[in-house]
Amino acid sequence: MPPARIADSPSPRILSRRRLPPRKGRAMPISRRNFLALSGAAAGASALPRIAFAQSGQGSQTYWPADRALPIFPQAHHLDAADLTSLTGDEQGLLVSLQGIVNRKEPRLYFYWGTDPTTQNWLSLIKIPYTTSTDPWSLFHRYIQEADGAIVFDPNVPDTINLATTLAGMKNAVVATADLAATYGLRIIEDFRGKFTDKFGVYNYALSNVWPKTTKRMVTAIGPSNTQEVSGVNWTTLLEVTAPVTDASNKAAYTADLSSFLSTSSTVYVKFQDAYSNTGWGPSVSQVTVTADGTTIASFQPGTSAETPYLFENGSSQLASGGWRFADNTEYFIYKFTAPAGTKQLVLTVTMWNQYFVTATSTQPSYQVVNPLFRDYIVANSAPVFWLDPDVTEEATLMGQILATFEPDTAYLGWFPNGDEMPGVTLCGQNSTYVVAADVFYNGSALSGVRAPIRQSQKPVKPPTKVENKIYISFTMVEGDNIQYNQHRMLMMWEDATRGQVPLGWSISVLLRDIAPAMLSYYQETATANDLLVAGPSGAGYTYPAVWPSSTLPKYMRQSGEYMQATGMQTLFAYDRNGSTDLTITTALVDLYRQNIPGLQGIVYNYESASTISLIDGLPVAQLLGVNDLSSGETQLAAIASSWDSSAPLFVAAGLESWNMMPADAVSLANAMGSDFELLRPDAWFALAKQALGKS
């Protein structure tokens, strides 16, 4: 048997927000990242009771009531918008950090960039006056006087970008390279060039000297930089398989001579990628050793701190729990090795298997530029920000030390390196912190100040008057705890012209109440009678309740209840886990939810190969059947129908994988059902299930 990968888990519920590569014969795991095509237009809605967003109580500054998860921004009245696509990453970072400074006084700047149209589309949906400028620099010059200077980061230590971001908020400054500061005549308040050698130095300094002076109610995590590739780099093939291999049968120690590259540079870049990019079984690497004239200058196992000095680019590659790095399909990773002066022979030895394609060059293939995403919100709140991998022991240790300094029930806004969701959410929960996926969320500092009415109820729907011998089924789109999904992918799905034709649950973040009330209001106002907004996992934010300290979990539950009531949601999608194991929801956990969420109608939980339902202390609780795509969903429904003996009603709660499926797929599934099925909106489904289970 070849060694197993994380992605080879037999469970279809790998709730990974970054897409893992498909395995032949395996279900496609869930992804946070890949946004699919747009279509259609949204439908209208009639009036229901609502509550208006509270006005700011402190003039032109943000304020933060004790009962709110996130701060309240001053009210926006008009937005100046611009497209930053033509700017470099460093220039985008400069303008986005200025956006944070400007918007915390009064939201006035709104930026968008890239090929995803949804960020720009929201401008016309949130119902606030705006003016679009064709020259983003004109906005920079108009507003730069509101900043007091610049915090300069070290491009050789990208994590100083994150340190500069927090300090920019604290010092009322922008984040800039030294060159940009000089070009625009910005006073340099802090200059981090040459002060740190690695991320550990950066974040330990911040932990001791910077973060104690800022908020203890919010922590953020975004990658400091993005990779900008250099064009025209010539790569030389070192090692390559000659035929497809997917069973690790070619696992061995392979050697490559790098000496020829030393004639032009003492530094060599070695790239690992998939030789057959359409099959999903690229190289797996478990050990790397480099010798210079027989002396070892590098020796490491991927995923350890020993790898960090040599990992030049991770290229969306992934780490397996067994201690190796792999790159499937279009993923890759690059190591950088610098030979001592005078080296004659440089030799690489690597233990690897499967479909490897290894190349090398002496030309630097890329450089790092500022990652501007979500940085405006971090600057506006002077929030602590770091980027540490919870699946790397040394980084996880530091991350735990950082999280321990925050108040219980703090929101962790961002994500995790290498898509290390499970260990990241676990570590956060152990430190009484819940996760809000936000690292691809645009304009948080603007949207937080766009007021809109928030409904405290949804359009009612009546369940069938009696329970018949049928298969009653509900559909719920998963991923809703993810606010960037709410901003991007969910809008694409919402605009599908077929939405509203069949009953459908939509998991969504209740924290939109704070960070984007107009976005939540839009979904409420345009929902059809067949649409139901469902609180995303696992309430106020994404977490595994089982790992929380018993002393702090009730506070999270209370906040979840308060936000569900304020946003009109009475059904909940929860998820629980302990280490690598999905957990069946317990009576104690159900009772905590029930006690803290008045009017709770039911809970769906996890994402598994079968749906089960039970009545726990009077509340219907159902395990979700995971449906990854239309084809597998049709197969699953056919199997359910063929195995049902029709002697009693059957209740099935299905979770539709939001990155792969659209409302049109829900319609297709409904059309494929036989007469034995009846599709209900989740709240009606819960009401009928409660009636049936109460009689059994």
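Counting from 1, one number per residue, gives the positions in the sequence shown under UniProt numbering. C-beta: ideal position from N, C-alpha, C; glycine also.
Residue from the options with nearest C-alpha to residue i
{"i": "VAL435", "options": "LEU125, SER538 and SER658", "result": "SER538"}
{"i": "LEU619", "options": "ALA639, THR426, ALA689 and GLN636", "result": "ALA689"}
{"i": "ASN371", "options": "GLY414, LEU311, GLN273 and TRP685", "result": "GLY414"}
{"i": "VAL379", "options": "ASP116, ALA176 and ILE126", "result": "ALA176"}
{"i": "SER86", "options": "THR242, LEU398, PHE111 and LYS105", "result": "PHE111"}
{"i": "GLY541", "options": "PRO365, ALA566, ASN354 and GLY480", "result": "GLY480"}
{"i": "MET422", "options": "PHE677, PRO390, LYS466 and PHE337", "result": "PRO390"}
{"i": "SER263", "options": "ASN121, ALA181, GLY282 and THR361", "result": "THR361"}
{"i": "ASP328", "options": "VAL288, THR279, ALA306 and GLY322", "result": "THR279"}
{"i": "LEU592", "options": "SER550, THR567 and ALA566", "result": "SER550"}
{"i": "ALA437", "options": "ASP496, PHE312 and LEU373", "result": "LEU373"}
{"i": "GLN364", "options": "ASN418, VAL233 and THR330", "result": "VAL233"}
{"i": "ASP376", "options": "ARG108, ARG142 and PRO649", "result": "ARG108"}
{"i": "PRO649", "options": "ALA306, TYR254, GLU678 and GLU307", "result": "GLU678"}
{"i": "TYR523", "options": "THR543, GLY500 and TYR544", "result": "GLY500"}
Whole-angstrom distance between residue j and residue i, CA atom to CA atom
{"i": "MET170", "j": "ASN381", "result": "8 Å"}
{"i": "LEU624", "j": "VAL157", "result": "44 Å"}
{"i": "ASP506", "j": "VAL534", "result": "First, the residue type needs correcting, since residue 506 is Trp and not Asp in the sequence shown. Cα to Cα, TRP506 sits roughly 6 Å from VAL534."}
{"i": "SER614", "j": "LEU693", "result": "7 Å"}
{"i": "GLN456", "j": "ALA639", "result": "39 Å"}
{"i": "residue 698", "j": "VAL290", "result": "Residue 698 cannot be examined here, being either before or after the span of the chain that is shown, 1 to 696."}
{"i": "THR351", "j": "VAL667", "result": "49 Å"}
{"i": "GLY563", "j": "THR426", "result": "Note on residue identity: the sequence assigns Tyr, not Gly, to residue 563. The alpha-carbon atoms of TYR563 and THR426 are separated by roughly 23 Å."}
{"i": "ASP159", "j": "VAL202", "result": "7 Å"}
{"i": "TYR276", "j": "ALA641", "result": "39 Å"}
{"i": "ILE126", "j": "ALA452", "result": "8 Å"}
{"i": "ALA298", "j": "ILE334", "result": "14 Å"}
{"i": "MET673", "j": "GLN636", "result": "11 Å"}
{"i": "PHE35", "j": "SER647", "result": "At PHE35 the pLDDT is 33, less than 50, meaning the model places this residue with poor confidence; the figure from the coordinates comes in the next sentence. Cα-Cα distance, rounded: 43 Å."}
{"i": "GLU395", "j": "LYS462", "result": "51 Å"}
{"i": "ASN628", "j": "MET477", "result": "11 Å"}
{"i": "PHE192", "j": "LEU163", "result": "9 Å"}
{"i": "ALA622", "j": "TRP659", "result": "22 Å"}
{"i": "ALA42", "j": "ALA529", "result": "The predicted model places ALA42 with a pLDDT of 30, which falls under 50 and marks its position as unreliable; any figure quoted below should be read in that light. Going from the Cα of ALA42 to the Cα of ALA529 covers about 13 Å."}
{"i": "TYR63", "j": "ARG104", "result": "10 Å"}
{"i": "PHE261", "j": "VAL268", "result": "7 Å"}
{"i": "GLU190", "j": "ASN172", "result": "12 Å"}
{"i": "GLU608", "j": "LEU656", "result": "11 Å"}
{"i": "TYR442", "j": "GLY223", "result": "15 Å"}
{"i": "LEU511", "j": "GLN228", "result": "33 Å"}
{"i": "LYS336", "j": "PHE312", "result": "6 Å"}
{"i": "ASP531", "j": "ARG489", "result": "17 Å"}
{"i": "LYS271", "j": "LYS470", "result": "56 Å"}
{"i": "TYR575", "j": "VAL241", "result": "41 Å"}
{"i": "ILE454", "j": "GLY568", "result": "8 Å"}
{"i": "VAL102", "j": "VAL369", "result": "23 Å"}
{"i": "residue 700", "j": "GLY282", "result": "A question about residue 700 goes unanswered here, because the residues of the chain that appear run from 1 up to 696."}
DSSP beta-bridge partners of residue i
{"i": "THR255", "result": "THR349"}
{"i": "ALA437", "result": "GLY414"}
{"i": "GLU190", "result": "ILE151"}
{"i": "LEU504", "result": "ASP531"}
{"i": "MET218", "result": "ALA411"}
{"i": "ILE128", "result": "According to DSSP, ILE128 bridges with nothing at all."}
{"i": "ASN226", "result": "VAL369"}
{"i": "LEU656", "result": "MET477 and VAL627"}
{"i": "ASN482", "result": "Bridge partners of ASN482: none, in fact."}
{"i": "TYR472", "result": "PHE651 and GLU678"}
{"i": "GLU313", "result": "ILE334"}
{"i": "ARG577", "result": "ASP582"}
{"i": "THR571", "result": "GLY602"}
{"i": "TRP324", "result": "ALA320"}
{"i": "GLN75", "result": "Paired residues: none, contrary to the question."}
{"i": "THR165", "result": "Its beta-bridge partners do not exist; DSSP assigns none."}
{"i": "THR296", "result": "THR291"}
{"i": "THR134", "result": "Its beta-bridge partners do not exist; DSSP assigns none."}
Beta carbon proximity, residue i to chain B, threshold 8 Å
{"i": "LYS105", "result": "No chain B is part of this structure, which consists of one protein chain only."}
Please go through the stretch 580-629 and give each complete alpha helix (DSSP H) segment of 4 or more residues, from N-terminal end onward. 587-596
Does the contact criterion of 3 or more C-beta pairs under 8 Å hold for the stretch 344-354 versus the stretch 289-305? yes
Should the stretch 437-454 be called in touch with the stretch 601-614, which here means at least 3 C-beta pairs below 8 Å? no
Taking one C-beta from the stretch 518-525 and one from the stretch 115-129 each time, how about it: are there three or more such pairs within less than 8 Å? yes
Counting pairs of Cβ atoms below 8 Å between the stretch 95-114 and the stretch 578-589, do you hit three or more? no
Stretch-stretch touch, CB-based, cutoff 8 Å, three pairs: the stretch 588-608 with the stretch 555-569: yes
Could you tell me whether the stretch 202-220 touches the stretch 178-188, where touching means 3 or more Cβ pairs closer than 8 Å? no
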